[in-house]
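In my numbering, the protein residues as written are 1125 to 1395. All C-beta atoms, glycine included, are put in the ideal place defined by N, C-alpha and C.
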Amino acid sequence: MNQFLQSVSEMPSPYGTAVLWWLGQMGLLVKMGDTVLCVDYYASDSPDRQVLPPVPVREMAGVSAFLGTHNHLDHMDHSAWKEWAVCCPEAAFVFPSLHRQDVLADGVGENRCLGLNDGESGRVGGVSIHAVAAAHEFLSPDPSGLYPCLQYVIEGNGLRLWHAGDTLRYEGLLAKIKAFGTIDAALLPINGRDGRRYRGNCIGNMTFQEAVDLAGEAGPRAVIPGHWDMFADNPGDPDAFADYADAKYPGRFRVLRPAVLEPVRLEAASR
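So, in structure tokens, the structure goes:
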């Protein structure tokens, strides 16, 4: 087993704790008890990357489920999913239901597919995964009401985590998140959007100010700024995020800036 993944396997996560590892961009590895989730890991090599994949695709092991928030390469890396379908034969795959055929084409058996839509939930091991629609830059459901982009609230071992995927704030989002209760940590995109990127088919996310304001109102205990490090033409500024959070919402939430593969241990708040 890969040395890092061996350390994940051996890392204790008793009830009331979770351990997080940031994987770059919006990639996150989460351990809650004995359940290990890998969310939005962009694992393929590419000349456009500024940050190399921290764990080689074929060395992934011990993962209970791979989650993708939407069907973009840096979130649902189909080359990697094809590999993981083989080398992680027990793992489930969680994704927006709209993309089921793409996941089946990756070689993932129907019995391992967990497609979700806004308001739906699924369970992997000891963890519940709740889907919330994401607006990247638009909500854009298909005629049957399936959303192409999701966020996930991950609940298990006495904690709740919010992985926002790629999204803007939209009417009703705050109420959906607050309905879950206390969020122990959130990963929010901060790279923003502009005309240059939109004309180049690079659709956007919250600015760092919008992400700070959403966090300030949603009330997570800690926030990791994401989607800022991977591509030179689609950057974000985590230092500006942290500075604005300190200026506008002092003490409201902790800003976490873990290095790639650096473990962050969380403890549950009293509910």
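If contacts are defined as beta-carbon pairs under 8 Å, then residue i and residue j qualify, I think. What distance do you get, rounded to the angstrom?
i: H1315; j: W1352; result: Reading off the sequence, residue 1315 comes out as Asn, not His. Right, the Cβ-Cβ distance comes to about 6 Å (below 8 Å), so this counts as a contact.
i: S1131; j: V1160; result: Not quite, the Cβ-Cβ distance comes to about 12 Å (not below 8 Å), so this is no contact.
i: S1245; j: A1255; result: 7 Å
i: L1312; j: G1350; result: 6 Å
i: V1336; j: K1372; result: 6 Å
i: H1194; j: A1258; result: 7 Å
i: L1274; j: L1240; result: 7 Å
Beta-carbon within less than 8 Å of residue i's beta-carbon, same chain only, minus the 5 sequence neighbours each way: which residues are those?
i: C1211; result: R1182, M1184, A1185
i: D1318; result: G1328
i: M1125; result: S1133, E1183, A1185, G1186
i: G1343; result: K1302, T1306, I1307, R1376, F1377
i: Q1333; result: Y1368
i: Y1322; result: E1261, G1328
i: M1065; result: Only positions 1125 to 1395 of the chain appear in this structure, which leaves residue 1065 out of reach.
i: P1382; result: L1144, W1145, W1146, I1348, V1388
Could you check what DSSP says for residue i in three-state terms: helix, strand or coil?
i: S1245; result: strand
i: Q1174; result: coil
i: S1221; result: helix
i: E1234; result: helix
i: W1208; result: helix
i: L1274; result: strand
i: P1362; result: helix
i: V1388; result: strand
i: V1179; result: coil
i: H1194; result: strand
Only counting the same chain, and skipping five residues up and downstream in sequence, which positions put a Cβ closer than 6 Å to that of residue i?
i: V1163; result: L1152, L1191, H1287
i: M1200; result: G1192
i: H1202; result: D1230
i: G1249; result: T1159, S1188
i: L1129; result: A1185, G1186
i: Y1165; result: L1147, G1151
i: A1216; result: A1189, R1236, L1238, V1248
Residue i bridges to which residues according to DSSP?
i: T1159; result: M1156
i: I1301; result: Looking at the DSSP assignment, I1301 forms no beta bridge with any residue, so it has no partner.
i: P1349; result: L1312
i: F1128; result: Bridge partners of F1128: none, in fact.
i: A1216; result: A1189
i: S1252; result: R1247, E1279
i: A1259; result: L1292
i: H1287; result: Y1276, L1311
i: R1378; result: A1346
i: L1144; result: V1154, V1388
Under 7 Å Cβ to Cβ from residue i, same chain only, skipping five residues before and after it: list those, please.
i: A1356; result: Q1174
i: P1359; result: N1315, W1352
i: G1282; result: Y1139, G1140, A1392
i: R1389; result: T1141, V1143
i: R1293; result: M1330, E1334, L1338
i: P1267; result: none
Contained alpha helix (DSSP H) runs [length at least 4] in the stretch 1314–1343, N- to C-terminal order: 1319–1323, 1332–1342
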